[in-house]
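All remarks here apply to the structure that follows.
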Amino acid sequence: MVEAKATKKTSKRKSTKKRNQKKLVIVESPSKAKTIEKYLGSGYKVVASIGHVRDLPKSTLGVDVDNDYEPRYINIRGKGPVIKDLRKAAKGAKAVYLASDPDREGEAIAWHLQHILDLDPANANRVVFNEITKDTVKNAFKAPRTINQDLVDAQQARRIIDRLVGYSISPILWKTVKRGLSAGRVQSVALGLILAREREIQAFEPEEYWTLDSEFKKGRSKFKSTFYGFDGKKQSLPDNASIQAVLKRLDKDADFNITKVTSKERKRQPQPPFTTSTMQQTANNQLKFRTRKTMMTAQQLYEGVNLGRGLGQVGLITYMRTDSTRLSSQAKNAAAQYIHDEWGEEYSRHKPVEAALQEGAQDAHEAIRPTDVNRTPASIKDKLTPDQFKLYSLIWSRFVASLMTPEILDTMAVTIEQNGVLFHANGSKTKFPGFTKAYPAAKEKDNALPALAVGDLVGLAKSDPQQHFTMPPARYTEAALIKALEENGVGRPSTYAPTLDTIQRRNYVRIDARKFVPTELGEIVQNIVEDKFPDITNTKFTAQVEHELDEIEVGDEQWVPVVDTFYRPFSKEVQSAEETLEKITMHDELAEQDCEVCGAPMLVKMGRYGKFYACSRFPDCRNTKAIVQEIGLACPKCKKGQVVERKTKRGRRFYGCSRYPDCDFVSWDKPTEATLPDGTTPKKEGDDQHEAAGGVK
Numbered sequence: 005m006v007e008a009k010a011t012k013k014t015s016k017r018k019s020t021k022k023r024n025q026k027k028l029v030i031v032e033s034p035s036k037a038k039t040i041e042k043y044l045g046s047g048y049k050v051v052a053s054i055g056h057v058r059d060l061p062k063s064t065l066g067v068d069v070d071n072d073y074e075p076r077y078i079n080i081r082g083k084g085p086v087i088k089d090l091r092k093a094a095k096g097a098k099a100v101y102l103a104s105d106p107d108r109e110g111e112a113i114a115w116h117l118q119h120i121l122d123l124d125p126a127n128a129n130r131v132v133f134n135e136i137t138k139d140t141v142k143n144a145f146k147a148p149r150t151i152n153q154d155l156v157d158a159q160q161a162r163r164i165i166d167r168l169v170g171y172s173i174s175p176i177l178w179k180t181v182k183r184g185l186s187a188g189r190v191q192s193v194a195l196g197l198i199l200a201r202e203r204e205i206q207a208f209e210p211e212e213y214w215t216l217d218s219e220f221k222k223g224r225s226k227f228k229s230t231f232y233g234f235d236g237k238k239q240s241l242p243d244n245a246s247i248q249a250v251l252k253r254l255d256k257d258a259d260f261n262i263t264k265v266t267s268k269e270r271k272r273q274p275q276p277p278f279t280t281s282t283m284q285q286t287a288n289n290q291l292k293f294r295t296r297k298t299m300m301t302a303q304q305l306y307e308g309v310n311l312g313r314g315l316g317q318v319g320l321i322t323y324m325r326t327d328s329t330r331l332s333s334q335a336k337n338a339a340a341q342y343i344h345d346e347w348g349e350e351y352s353r354h355k356p357v358e359a360a361l362q363e364g365a366q367d368a369h370e371a372i373r374p375t376d377v378n379r380t381p382a383s384i385k386d387k388l389t390p391d392q393f394k395l396y397s398l399i400w401s402r403f404v405a406s407l408m409t410p411e412i413l414d415t416m417a418v419t420i421e422q423n424g425v426l427f428h429a430n431g432s433k434t435k436f437p438g439f440t441k442a443y444p445a446a447k448e449k450d451n452a453l454p455a456l457a458v459g460d461l462v463g464l465a466k467s468d469p470q471q472h473f474t475m476p477p478a479r480y481t482e483a484a485l486i487k488a489l490e491e492n493g494v495g496r497p498s499t500y501a502p503t504l505d506t507i508q509r510r511n512y513v514r515i516d517a518r519k520f521v522p523t524e525l526g527e528i529v530q531n532i533v534e535d536k537f538p539d540i541t542n543t544k545f546t547a548q549v550e551h552e553l554d555e556i557e558v559g560d561e562q563w564v565p566v567v568d569t570f571y572r573p574f575s576k577e578v579q580s581a582e583e584t585l586e587k588i589t590m591h592d593e594l595a596e597q598d599c600e601v602c603g604a605p606m607l608v609k610m611g612r613y614g615k616f617y618a619c620s621r622f623p624d625c626r627n628t629k630a631i632v633q634e635i636g637l638a639c640p641k642c643k644k645g646q647v648v649e650r651k652t653k654r655g656r657r658f659y660g661c662s663r664y665p666d667c668d669f670v671s672w673d674k675p676t677e678a679t680l681p682d683g684t685t686p687k688k689e690g691d692d693q694h695e696a697a698g699g700v701k
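Take 5 as the starting number for the sequence shown in my numbering and just add one per residue.
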């Protein structure tokens with residue numbers, strides 16, 4: 005009897021324990037975990053893996069090239085405590101769900117978690133969602149699936165190919181140039197584009213040309229025009245003699261005739277909502293955001309921001325890694341209602357603007373958009389950081405504008421003539437703002453001409469002949485380089501930020517006025533790679549590799565043959581390079597000054613953040629100095645030092661005292677005799693605040 009009661013009691017305890025068990029959900033980041041746990045409720049425990057838990061080893065190749073390129077994964081160093089906690093949580097959980105990001109990388113993270121937690125691959129425990137909102141997350145958990153091995157294999161193939169390239173070429177660069185260098189499929193193409201542009205610039209020979217802009221008047225109104233040609237034919241102005249020929253035919257005191265007026269209506273269509281690359285490009289152009297900063301801020305908006313007022317952590321945008329401009333019906337309907345309520349029916353279009361997908365682009369996700377169109381940037385500004393607010397405003401405006409009617413402009417083109425000399429004037433004025441109501445940054449400035457008709461007479465107010473010279477092609481900005489990579493089908497939007505970061509960290513390029521300038525080291529490395537590994541720098545070859553990775557993702561290719569097709573010819577190139585390449589010596593430049601410590605000559609060295617002075621007796625003497633440029637102004641604060649130009653570690657220019665750290669004067673703006681008379685230090689803003697104060701180079 006007693007034994008029966010004990011058994012009944014034990015069974016009851018087990019049953020109660022099972023009822024109290026929670027379902028475990030594993031995501032990548034703590035902030036994402038916090039947002040999702042709030043939506044799922046008390047029956048779930050959401051934890052973070054803090055990114056990848058397994059990877060190829062850093063110390064060795066980690067790929068068995070003689071055994072079908074079998075990767076040797078190990079637990080990432082430092083992740084031991086995280087893995088231990090995950091195993092403990094999984095062991096006591098009622099069920100385990102893997103909810104990493106909905107892309108190849110996220111699928112691979114889930115696959116690795118499945119391995120270390122010893123989960124059954126047949127179990128449907130993979131949960132994906134494109135946005136972190138309550139309804140989307142809850143619906144996703146109603147339809148879990150098994151891990152998509154094709155996605156995993158595509159990620160594995162990319163990782164293995166990149167490892168084979170990096171761990172094969174890097175030792176050759178170390179041996180022939182210096183340690184710490186690297187090469188890679190996407191970074192070598194990016195560096196090649198930068199160098200090719202630089203060669204164009206160096207080879208460019210400017211050509212002279214002139215322009216003749218004139219200002220005409222009709223009554224009190226004045227308008228500008230440009231010389232077009234003679235007697236109905238367009239004419240160039242290659243030199244000053246051609247300008248004089250025009251001016252000789254003109255009678256400045258006589259009236260000019262309006263011989264042609266063309267008025268018409270022009271429509272400007274809105275752009276489609278953002279993909280990853282168009283977001284990166286627009287944020288760089290309009291907000292001056294570096295690509296890494298754009299992606300980091302977008303990640304924060306996607307994972308969730310605390311909005312307070314009982315809302316808590318809320319995901320503000322959809323997944324930020326996408327090639328698609330597609331929008332869900334729900335998002336389109338909600339936006340159409342918002343536009344109708346805010347501006348009226350005439351501003352809402354029935355069909356959104358969508359862009360054609362680039363060849364090889366992925367359409368797995370929607371475009372980047374706000375999760376709730378009614379959550380306007382202004383309504384949550386006080387809950388966002390300045391960077392979050394700027395990027396969210398850009399995403400929100402672009403999305404809403406894509407579902408609005410065109411901007412309509414009244415345009416006028418006028419031909420002005422005297423003695424066979426023709427001038428053209430063009431003007432426009434907004435007739436209907438359309439999508440620019442939501443996206444003011446896209447609005448064209450009004451440039452209206454006065455009321456003009458054929459037969460009207462106008463007077464010449466002034467002429468302004470100007471000499472010009474053709475300019476070389478511009479160096480790449482981050483936005484322009486990303487556009488070029490995308491147009492060439494190289495890499496994926498998610499790889500652009502780390503690629504651009506790598507070529508800067510390796511000192512292959514430097515940033516000057518927000519543009520990439522190749523360094524001597526970058527040119528040496530690229531010349532080696534182009535000479536010995538031509539396929540790696542070939543844009544068509546690299547684009548073909550990307551296409552084959554996409555084929556693996558959809559199940560049309562197997563990853564081992566794809567890797568093998570790449571590696572067999574590549575391995576022969578590696579062997580040839582090892583046998584033929586000789587040591588390249590980079591000579592240090594004399595600094596034309598002696599070391600204050602030991603008296604030996606100083607040298608100009610290249611460091612992580614650019615050039616600096618170092619003693620030629622290193623390592624016996626370790627004296628170094630920053631290379632600074634005086635601006636010819638005494639420090640307004642201490643009156644003893646000179647104001648010098650410096651750069652932060654992020655490359656932003658500022659001005660400080662040459663006696664730093666004894667004097668802490670600092671200014672983002674270039675000081676003059678008229679500024680800062682009392683020696684006050686201006687307020688520092690932005691990411692470089694700490695760096696300007698002390699993190700100089």
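Don't be surprised by glycine CBs; every beta carbon is placed ideally from N, CA and C.
Exposure label - residue i; buried when at least 16 CB within 10 Å
| i | result |
| --- | --- |
| Met-299 | buried |
| Ala-340 | buried |
| Phe-439 | buried |
| His-551 | exposed |
| Cys-602 | exposed |
| Ser-63 | exposed |
| Arg-2 | Only positions 5 to 701 of the chain appear in this structure, which leaves residue 2 out of reach. |
| Arg-313 | exposed |
| Met-283 | buried |
| Gly-495 | buried |
| Lys-651 | buried |
| Ser-19 | Any reading at Ser-19 needs caution, since the residue's pLDDT is 49, under 50, leaving its predicted position unreliable; the model's value is listed next. Answer is exposed; the Cβ neighbour count stays below 16. |
Distance CB(residue i)-CB(residue j) smaller than 9 angstroms
| i | j | result |
| --- | --- | --- |
| Arg-373 | Ala-335 | yes |
| Val-228 | Leu-413 | Before going further, note that residue 228 is Lys rather than Val in the sequence given. No, these two residues do not count as a Cβ contact at 9 angstroms. |
| Tyr-323 | Asp-105 | yes |
| Lys-27 | Ala-103 | no |
| Gln-422 | Asn-542 | no |
| Ile-198 | Ile-635 | no |
| Asp-666 | Cys-642 | yes |
| Asp-450 | Ser-432 | yes |
| Glu-32 | Ser-498 | no |
Between the CA atoms of residue j and residue i - distance to the nearest angstrom
| i | j | result |
| --- | --- | --- |
| Val-69 | Asp-157 | 16 angstroms |
| Arg-58 | Ala-94 | 17 angstroms |
| Ser-281 | Ala-517 | 22 angstroms |
| Trp-400 | Glu-491 | 26 angstroms |
| His-56 | Gln-304 | 18 angstroms |
| Gly-66 | Met-606 | 43 angstroms |
| Lys-576 | Val-566 | 17 angstroms |
| Lys-146 | Arg-130 | 11 angstroms |
| Pro-437 | Lys-264 | 28 angstroms |
| Cys-639 | Phe-658 | 14 angstroms |
| Arg-330 | Tyr-617 | 53 angstroms |
| Leu-407 | Gln-317 | 28 angstroms |
| Glu-269 | Asp-468 | 31 angstroms |
| Val-309 | Asp-139 | 17 angstroms |
Reference residue i, options the options, closest by Cα
| i | options | result |
| --- | --- | --- |
| Gly-184 | Ser-246, Tyr-171 and Leu-195 | Tyr-171 |
| Ser-332 | Ala-161, Glu-370 and Leu-168 | Glu-370 |
| Lys-252 | Val-265, Phe-234 and Lys-264 | Phe-234 |
| Phe-622 | Ala-630, Arg-313 and Cys-599 | Cys-599 |
| Ala-446 | Gln-273, Arg-510 and Leu-453 | Gln-273 |
| Leu-44 | Gly-314, Tyr-659, Ser-63 and Ile-136 | Ile-136 |
| Ala-511 | Gly-495, Ser-498, Val-494 and Val-529 | According to the sequence provided, residue 511 is Asn. The question's Ala does not apply to it. Cα-wise, what sits closest to Asn-511 is Val-529. |
| Glu-74 | Leu-60, Phe-278, Glu-524 and Gly-84 | Leu-60 |
| Ala-604 | Arg-626, Ala-287, Leu-585 and Lys-587 | Arg-626 |
| Asp-327 | Glu-557, Val-377 and Thr-279 | Thr-279 |
| Glu-219 | Thr-474, Phe-520, Arg-509 and Asp-259 | Asp-259 |
| Tyr-306 | Gln-470, Leu-320 and Arg-294 | Leu-320 |
| Ser-352 | Pro-277, Phe-293 and Lys-441 | Lys-441 |
Go through the segment 233–318 residue by residue and report every complete run of the beta strand (DSSP E) that reaches 3 residues or more, in order.
260–272
At 3 residues or longer, and completely inside the segment 577–649: list those beta strand (DSSP E) runs for me, N to C.
For the segment 577–649, whole beta strand (DSSP E) runs of length 3 or above, ordered along the chain, are 593–598, 605–611, 614–619, 628–630 and 633–638.
Quick check for students: name the residue ranges of the alpha helix (DSSP H) that lie wholly in the segment 417–489, counting only runs of 4 or more.
none
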